[in-house]
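Written below as structure tokens is the structure these notes are about.
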Amino acid sequence: MPDVTVFRNVLRNGFDQTELPWVPWTEPGRVGVEYVVLWGPDPAQDQDSASLLLRFPPGAHGDFHEHLGHELMLVLDGTLDHSDGRRFHRGDLVVEEPGTRHQMSSAEGCTVLAVRARPAAARTPKPGEITTGVGAAA
393 MPDVTVFRNV
403 LRNGFDQTEL
413 PWVPWTEPGR
423 VGVEYVVLWG
433 PDPAQDQDSA
443 SLLLRFPPGA
453 HGDFHEHLGH
463 ELMLVLDGTL
473 DHSDGRRFHR
483 GDLVVEEPGT
493 RHQMSSAEGC
503 TVLAVRARPA
513 AARTPKPGEI
523 TTGVGAAA
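So the sequence shown is numbered by the numbering used here: it starts at 393 and just counts up by one.
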């Protein structure tokens, strides 16, 4: 029988969730972000989807990237900043379509549930592309 994992009270502050196995995200372009894999891509099963809990301390940011499939982001706590200047708060659900490009950051800190249908690809912002978030490329 398949396993069922339960994470209790994920709407509390991510920094209070010390029992979770947080791992620093050390890929180029990412600063300060930590994650917990809920499920990951499984090439053996021909599955590209992934789901992560992400924790951004104040000032942390991800890399600038392009979505190769849909991504859903639910802000569980704090404020998530988009490189186009929008801010998303606790309870906001953001759905990015394939081809969207951005960098996410958090000036105040946040915890996010991220679900990707396919992996994202690191990109360099094009001249004139909006990148105003904390830590965004100029």
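The beta-carbon is built from N, C-alpha and C at its ideal position, and this holds for glycine as well.
A quick note: this is a predicted structure, and the numbers were derived from the prediction, not measured.
Beta-carbon proximity check, Leu464 vs Val487, cutoff 7 Å:
yes
For Gly470, the three-state DSSP class (helix, strand or coil)
strand
Could you tell me how far apart the beta carbons of Asp473 and Arg479 are, in whole angstroms, since I believe they sit closer than 8 Å?
5 Å
Between which two residues does the beta strand (DSSP E) holding Trp431 run?
426 to 431
Should Arg515 and Glu458 be called a contact, given that it needs their Cβ atoms to be closer than 7 Å?
yes
Chain-order list of residues whose beta-carbon lies under 8 Å from that of Thr397 (same chain, five-residue window excluded):
Leu430
Grouping DSSP H, G and I as helix and E and B as strand, with all else coil, what is Pro435?
helix
Closer than 8 Å by C-beta to Ala512: which residues in its own chain qualify, once you throw out the five before and the five after it? Chain order, please.
His457, Glu458, His459, Leu460, Glu463
Count the C-beta pairs between the stretch 434 to 444 and the stretch 400 to 413 that are closer than 8 Å, then say yes if the count reaches three, no if not.
no
Evaluate Phe448 with the Cβ neighbour count: other Cβ atoms within 10 Å of its Cβ, from every protein chain shown; 16 or more gives buried, anything less gives exposed.
buried
Distance check for Val504 and Asn405, CA to CA, integer angstroms please.
10 Å
If you measure from the CB of Ala436, is any heavy atom of the ligand FMN nearer than 6 Å?
With respect to the ligand FMN, the structure shown offers nothing to examine, as it has no ligands at all.
How would you call Gly491, buried or exposed, if buried means at least 16 neighbouring beta carbons within 10 angstroms?
exposed
Leaving out five residues on either side along the sequence, give the residues of the same chain with a beta carbon under 7 Å from the beta carbon of Gly501.
Phe448, Pro449, Pro450, Gly470
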